[in-house]
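Below is one structure, written out as structure tokens, with a few remarks after it.
Numbering (my numbering), first residue to last: 376 to 626.
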């Protein structure tokens, strides 16, 4: 899926994980920096937090463009006979799995189902921007900030992109590898870099210098209100998720 000129200003975010309070804080931040051609979400929209359905509804409301994340695919496949990597972690009979999937409506499930694997933006003159969830081949294998070059190259091979923006590992970072700039936009709903603030990245096309100017934004929000909502909606087994919200660590 390719978007051509005039694309000059993109808000790219990822890994909302059902955290509507964090998403709304980010959207307010985006509004102050706009206008933007598109808001693009690099996957993992709904799973985890207390508002899986409402997050998708908000993205529909603002006409956000998305790509498929591993947990989006898992939510769609949880009632199918095809095993997934996530099933080995959660199990289809797991109460969290059942609760998350039960929150979706036909409309929100259909929104997840139509998400493409990737989106491309190519301004004129081109500097090819590819947006994926984890890497250019699948939804699972992570591009970690400190991984050796030799481990990353197979994950971006064949990308045909000058810049790759992605999420999945919930940590901000930029890294030049050969001719490709790798940009992890971190996470809106559950960053794991020790900073509890929601994250999003601003991509602005600089036609004079034929490059994307990238600005990282972090936005504070009321984490404890999310904790209260997890209990209020009876989200199963909330304790581990609450610890991650409060510490911004994945342990």
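Backbone N, C-alpha and C fix where the C-beta goes; we use that ideal spot for every residue, glycine too.
ask   = Under three-state DSSP, which class holds residue 577?
value = Strand.
- Task: Give the single residue among 474, 498, 596 and 439 whose Cα lies nearest to the Cα of residue 425.
- Result: 474
- Task: Using the Cα positions of residue 584 and residue 498, report the straight-line distance between them to the nearest angstrom.
- Result: Going from the Cα of residue 584 to the Cα of residue 498 covers about 12 Å.
Query raised in the report: Taking the DSSP output, what are the residues bridged to residue 587?
Result: 580
Given a threshold of 16 other Cβ atoms within 10 Å of its Cβ, counted over all protein chains shown, does residue 611 qualify as buried or as exposed?
Flag for residue 611 reads exposed.
Straight-line Cα distance separating residue 388 from residue 602: 22 Å
Practice problem: Reducing DSSP to helix, strand and coil, say where residue 514 ends up. | Solution: Residue 514: coil per DSSP, three-state reduction.
Item to check | Proximal residues to residue 528 (C-beta, below 8 Å), its chain only, five neighbours per side dropped | outcome: 552 and 553
- Query: Quick one, are the C-beta atoms of residue 541 and residue 565 less than 9 Å apart?
  - Reply: no
Exercise for review: Provide the residue(s) that pair with residue 550 in DSSP beta bridges, ordered along the chain.
Suggested key: 557
Span separating the alpha-carbon of residue 539 from that of residue 560:
Per the coordinates, the alpha-carbon of residue 539 lies some 10 Å from the alpha-carbon of residue 560.
- Task: Would you give the residue range spanned by the alpha helix (DSSP H) that residue 430 belongs to?
- Result: Secondary structure note for residue 430: its alpha helix (DSSP H) is the uninterrupted segment 427-436.
Query - For residue 541, the three-state DSSP class (helix, strand or coil) - result: strand
ask   = Quick one: what's got a C-beta closer than 8 Å to residue 402's C-beta in the same chain, skipping five residues either side?
value = If you ignore the 5 residues before and after residue 402, its C-beta comes within less than 8 Å of the C-beta of 414, 433 and 437, all in its own chain and listed in chain order.
Point to revise | Stretch pair the segment 499-519 + the segment 438-448: three plus CB contacts closer than 8 Å | key: yes
**Message:** Checking the sheet assignment: what are the DSSP bridge partners for residue 387?
**Reply:** Within the DSSP bridge table, the entry for residue 387 names 415 and 576 as partners.
Outcome for residue 513 when other beta-carbon atoms lying within 10 angstroms are tallied against a minimum of 16
exposed
Count the other CB atoms within 10 Å of the CB of residue 485; is the residue buried (16 or more) or exposed (fewer)? Exposed, by the Cβ-count rule.
Quiz item: Roughly how many whole angstroms lie between the Cα atoms of residue 418 and residue 558?
Solution: 15 Å
* To do: Return the chain-ordered list of same chain residues with a C-beta closer than 8 Å to the C-beta of residue 597, the five sequence neighbours on each side being excluded.
  => Within the same chain, and ignoring the five residues on either side of residue 597 in sequence, the residues whose Cβ sits closer than 8 Å to its Cβ are 396.
Looking at residue 390 and residue 563, is the spacing between their C-beta atoms short of 9 Å? Taking the C-beta atoms as reference points, residue 390 is found nearer than 9 Å to residue 563.
- Query: By Cβ distance below 7 Å, which residues in the same chain neighbour residue 588 in space, the five residues on each side in sequence not counted?
  - Reply: 579 and 581
Output the boundary residues of the alpha helix (DSSP H) element that contains residue 353. Residue 353 lies beyond the residue range present for the chain, which begins at 376 and ends at 626; the question has no answer from this structure.
Per DSSP, which one or two residues make a beta bridge with residue 440? 415
*Any idea which residues DSSP pairs residue 593 with across the strands?*
Beta-bridge pairing by DSSP links residue 593 to 574.
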